[in-house]
Amino acid sequence: MAHESNATLRICDDTGDGVVLEAEDASALWVLADAFEAATVSACPGCKCRVLAAVAVVDVLDRSRPHPSSGPLAELADEAPTLHLYVEDLAAECTHRRWLDPLAEEWADVVVGPPRRPVR
Ligand SMILES: [Zn+2]
């Protein structure tokens with residue numbers, strides 16, 4: 013797999029399938045979609061990481077001007093096996109410690125994987 017050094021944003025579904033955006037694309041999309049404000053169910057206060065309602069993502073994309081990733085994203089949202097999509101901010105150096113919502117755990121399960129227990 014190609015090294016995605018420029019990727020700053022990843023939006024994926026429950027299975028980890030998703031769309032990766034590079035710096036310029038990511039900021040353009042963020043502006044066009046108004047930070048997905050209307051679709052956000054829960055967000056980290058320190059970065060762009062958030063949980064989105066898949067149905068609302070389709071609405072937001074429908075209402076905003078087209079972006080090269082609108083198509084793939086709308087498809088992802090349409091076909092999402094669960095209600096939620098997950099945004100990972102790859103550029104942020106954030107530990108998400110202030111994201112104190114039950115959905116932050118759901119996000120971490122999908123994006124980071126299940127917590128590893130220390131081996132003693
Ligand atoms: Zn964060």
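Residues 13 to 132 in my numbering are what the sequence shown spells out, letter by letter.
Just so you know, even glycine gets a beta-carbon here, dropped at the ideal spot from N, CA and C.
{"Item": "Any 3 or more C-beta pairs closer than 8 Å across the segment 106 to 114 and the segment 31 to 41", "Value": "no"}
{"Item": "Simplified DSSP assignment, three categories, for D121", "Value": "helix"}
{"Item": "Rounded C-alpha distance that separates M13 from D74", "Value": "For M13, the pLDDT reaches just 49, beneath the cut-off of 50, and the residue's location in the model is therefore unreliable, leaving the point undetermined."}
{"Item": "Rounded straight-line distance, which links the Cα of V32 to that of V122", "Value": "15 Å"}
{"Item": "Assigned secondary structure, S54 (DSSP; H/G/I helix, E/B strand, else coil)", "Value": "strand"}
{"Item": "Option nearest V67 by Cα separation, candidates R109, G125, E91 and C59", "Value": "E91"}
{"Item": "Test item: CB-CB of D101 and K60 under 8 Å", "Value": "yes"}
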